[in-house]
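K.L.:
Pasting a structure below so you can have a look.
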Amino acid sequence: MKTINIFNHAGAFAENKDIARNIRLQEMIPALDQNEEVVLDFEKVDAATQSFVHALISDILRNYGIEVLDRIAFKSCNETVRKITGIVIEYMQEGL
Amino acid sequence: MRVHLPNSAFLGNLDSFLRGFDPDNPETLEITANLRWISVHPFVLSMIAALGQRVKPKNIHAEKFEAKSRHYLVRMGLFKYLGLQTEDISIIEHESAGRFIPLTRIQTSEELTNCVTEMIPLLHLEPEQAKTIAYVVSELVRNTLEHAATPDGAILCAQYYKKSNSIRIGIADNGIGIKSAINRSYNSRTDLEAIQLALTPGITGTTRKEGGTELNAGAGLFFIKSIASVNRDFFVVYSGNGFYKLLKNPKLKKLRLHANPFDDRHSKSSDLPRWQGTVVGIDIALDQTDKFSGLLDAIGSTYTTAVRERKKARYKKPRFI
């Protein structure tokens, strides 16, 4: 299992899409390709933008299919992060 | 180019200021101002600073500012930004001094992250208010960095207004404008039509695919318009000849978010003096700032419905013969 601490990468307000993209390319995809489960740990993250979450997971949903969500867990998300993540996952499924 | 700083130019009465902007002779910039009082929204300051970027400093001419309130322009960094002398203007500190972000140029993703981090203490925001303001600034400036195609980046400034207990934000750029950005994937005929598309959830200039690309979903401006709508605030977009203003929703009226910005209470123009690039302004009343996570529910359902309806409109129909 690969745990990725979002606060350590993006700080308390996760908005930098370049960082999100790097997390996806350098940490999430290699782990998923190794058939590992990925845990995105949002502990200490106060808020995330839709752009950040989109850059983090949308391409994975598109390329691996929606079933990949069975191998990705979102940990310690506050209400804001939960809702932003929910919006992104929902519109991605509508578009797939 | 010529621009006149009027007695008052805020998002509610911005139209006449914009109609007075003269974009001819782009190699020079002449600035005049009301003689008695100048009270303008950060939208106006960002716009003038962006104009100054297009012109060599020696070709910027400003008449001597006589208005008592001219020190505000100094404090916001306008003269410094334009390279104009201001020895004759003394700065009078206001009670709210400190609750503003002077004209700031943001050219990179890292600069934006730093700006968003530093602005929260500068504006003395409560945590829930900070989320909304940081969200708005981050998404708007990032839009410029990604879509405006200009190395000059975005010019931002913001101000707290004690009387209305609100933060007012202006962001301007000299980029390619919304029409050119949207028409990479769409075919809008006018600047106003391009603004309409840019405000529609799920529409991005980077692709026509639902769900967007790995980095863009076409959600940013829709989120910002929704935040303004839920908080019953003004939100303005000016690009090319096009101008869209989300009007304040009456307090007693039940709120509904719309995917089509023209279904919101708004005003629009398609014949304003041409602005090369994009200027965006927003007011956020702090005592009306809804709980951020609460407004996300409404945004999410409107967004998903819009994508679903657009997808359904493309369904093949049975051919009955």
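Protein chains in written order, with our numbering: chain A, 4 to 99; chain B, 921 to 1241.
For glycine and all other residues, C-beta sits at the position ideal for the given N, C-alpha and C.
(1) Per DSSP, T876 (chain B) forms a beta bridge with which residues?
(2) What would DSSP say about P1047 (chain B), mapped onto helix, strand or coil?
(3) State the beta-bridge partners of W1195 (chain B) as determined by DSSP.
(4) Give the residues of chain B in contact with F16 (chain A), contact being defined as C-beta atoms less than 9 Å apart.
(5) Evaluate E1013 (chain B) with the Cβ neighbour count: other Cβ atoms within 10 Å of its Cβ, from every protein chain shown; 16 or more gives buried, anything less gives exposed.
(6) In the stretch 1055 to 1141 of chain B, which residue ranges form an unbroken alpha helix (DSSP H) of at least 4 residues, counting only runs that do not cross its ends?
(7) Between which two residues does the beta strand (DSSP E) carrying S61 (chain A) extend?
(8) Among the candidates A:N38, A:A50 and A:E93, whose CA atom is the shortest distance from the CA of R65 (chain A)?
(9) Against G68 (chain A), what residues of chain B qualify as contacts under a CB-to-CB distance less than 9 Å, listed in chain order?
(10) Cutting at 7 Å between CB atoms, please list the residues of its own chain near L998 (chain B), excluding the five before and the five after it.
(11) Using a 10 Å radius around the Cβ and a threshold of 16 neighbouring Cβ atoms, would you call S936 (chain B) buried or exposed?
(12) Taking a contact to mean a Cβ-Cβ separation below 8 Å, would you say M4 (chain A) touches E39 (chain A) in this structure?
(13) Between the stretch 38 to 65 of chain A and chain B, which residues of the former have CB atoms less than 7 Å from a CB of the latter, in chain order?
(14) Straight-line CA distance for V91 (chain A) to R990 (chain B)?
(15) Can you find a CB in chain A that lies within less than 8 Å of the CB of T1224 (chain B)?
(16) Kindly provide the ranges of any beta strand (DSSP E) runs that are 3 or more residues long and lie completely inside the stretch 967 to 1043 of chain B, ordered along the chain.
(17) By Cβ distance below 6 Å, which residues in the same chain neighbour L1215 (chain B) in space, the five residues on each side in sequence not counted?
P.N.:
The answer reads as follows:
(1) Residue 876 (chain B) cannot be examined here, being either before or after the span of chain B that is shown, 921 to 1241.
(2) helix
(3) B:G1160
(4) T1033, V1036, T1037, I1040, A1050, K1051, A1054, Y1055 and S1058
(5) Note that E1013 (chain B) has pLDDT 46, beneath the 50 cutoff, so the model's placement of it is unreliable and no number is given.
(6) 1097 to 1102 and 1111 to 1118
(7) Segment Q53 to Y67 is the alpha helix (DSSP H) holding S61 (chain A); no beta strand (DSSP E) there.
(8) A:E93
(9) Per Cβ cutoff of 9 Å: no residues; G68 (chain A) is ~13 Å from chain B at best.
(10) L965, I968, A969 and L1023
(11) exposed
(12) yes
(13) D49, A50, T52, Q53, S54, H57, A58, S61, D62 and R65
(14) 46 Å
(15) yes
(16) 980 to 982 and 1020 to 1026
(17) V1150
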